[in-house]
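Residue numbers (our numbering): 62 to 340.
Even for Gly, the Cβ is constructed at its ideal location relative to N, Cα and C.
First the structure, in the form of structure tokens, and then the observations on it.
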């Protein structure tokens with residue numbers, strides 16, 4: 062019997078998307094990268110890259126957010142073959158969590174073993190500043206949604222996957238060492254994923270701080286859950302693009318997010334390229 066997820070996607074859909082991508086390139090990437098708002102600049106540094114538009118890939122959704130180019134690149138970075146998503150999908154765009162995480166399923170089918178997720182996030186920890194990079198140690202899923210809801214396909218992963226190490230301790234150690242060698246302070250903390258698309262209220266930020274969040278955003282958690290369900294090792298980096306609501310006496314805007322990610326792109330590129338080399 063074919064197991065159908067809540068989004069109507071099956072293992073056959075995953076295979077169809079993967080076979081289409083494989084037909085576009087002879088490279089077989091083992092590292093996947095998902096770039097958040099304003100962070101897709103990393104794609105410009107791939108060698109011999111093949112670019113595939115999301116709308117051409119069977120069953121792929123379309124990215125509609127500014128700063129998300131909506132294209133998949135496969136090429137070489139730091140001597141490794143990588144698959145890079147320049148832009149991701151969000152549940153606030155109207156996509157269910159299963160479809161948001163669908164590209165991760167396709168990565169697994171393509172042979173990806175390691176996933177680097179990045180995002181632009183609001184700083185909840187009062188010690189943070191806009192422009193800091195934060196290594197994600199764990200996350201809190203406050204979206205009220207999960208990509209594994211519905212019948213489980215045992216060929217994709219177990220019914221009840223362990224999430225005690227959602228973000229690899231091994232890869233976090235490597236990332237901290239690289240930041241130390243490069244001479245900058247890398248924050249490390251807990252990412253809270255909310256549904257969006259509104260920014261949080263000051264009262265909600267106070268709540269997040271009480272329950273242990275250091276940064277907040279509207280992505281990442283569904284992708285990481287699907288990755289761990291698939292047996293993919295994960296490392297995550299947040300760019301603290303602004304301080305969250307109520308911390309500074311100013312309104313929040315997506316323009317500020319884009320401005321901050323542009324300002325820190327050199328440091329971000331240096332960290333990620335060295336990390337890819339070390340994986």
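- Determine the closest residue to residue 147 out of 163, 171, 233 and 113, with distance taken between C-alpha atoms. Cα-wise, what sits closest to residue 147 is 113.
- Message: For a quick check, are the C-beta atoms of residue 167 and residue 75 less than 8 Å apart?
- Response: Yes, the pair counts as a contact, with Cβ atoms nearer than the cut-off.
- Message: Using a Cβ distance threshold of 8 Å, determine whether the stretch 151–164 contacts the stretch 283–296, with at least three qualifying pairs required.
- Response: As far as the Cβ criterion goes, the stretch 151–164 touches the stretch 283–296, which means the pair count is three or higher.
- DSSP puts residue 200 in a beta bridge; with which residues? For residue 200, which the question treats as bridged, DSSP gives the partners 252.
- Can you tell me which of the three DSSP states residue 114 falls into? Residue 114: strand per DSSP, three-state reduction.
- Message: Please report the distance separating the alpha-carbon of residue 212 from that of residue 145.
- Response: Going from the Cα of residue 212 to the Cα of residue 145 covers about 29 Å.
- residue 203 to residue 217, Cα distance in whole Å? Distance between residue 203 and residue 217, taken at the CA atoms: about 24 Å.
- Task: Measure from the alpha carbon of residue 158 to the alpha carbon of each residue in 255, 262 and 301, then state which is nearest.
- Result: Distances from the CA of residue 158 to each of 255, 262 and 301 were compared; the closest alpha carbon is that of 255.
- Item | Three-state secondary structure assigned by DSSP to residue 141 | DSSP places residue 141 in strand when its eight states are reduced to three.
- Leaving out five residues before and five after residue 97 in sequence, what residues of the same chain have Cβ atoms less than 6 Å from its Cβ? 179, 180 and 181.
- Item | DSSP-derived helix/strand/coil call for residue 279 | In this structure, residue 279 counts as coil in the three-state DSSP scheme.
- Report yes if the C-beta distance between residue 176 and residue 298 is below 8 Å; otherwise report no. In this structure, residue 298 does not lie closer than 8 Å to residue 176 by Cβ.
- Task: Figure out for me which residue from 170, 201, 142 and 95 has the closest Cα to the Cα of residue 151.
- Result: Across the set 170, 201, 142 and 95, the C-alpha of 95 shows the shortest separation from the C-alpha of residue 151.
- Task: Report all residues from its chain with a CB closer than 6 Å to the CB of residue 129; omit the five preceding and five following residues, and keep chain order.
- Result: Interpretation of residue 129 is limited by its pLDDT of 49, a score under 50 that renders its predicted location unreliable; the figure taken from the coordinates is listed afterwards. So the qualifying residues of the chain are 148.
- Task: Please go through the same chain and pick out, in chain order, the residues whose beta-carbon is closer than 7 Å to the beta-carbon of residue 234, but skip the five residues on each side of it.
- Result: Correct list: empty, nothing qualifies.
- Query: According to DSSP, which residues form a beta bridge with residue 179?
  - Reply: Per DSSP, the beta-bridge partners of residue 179 are 298.
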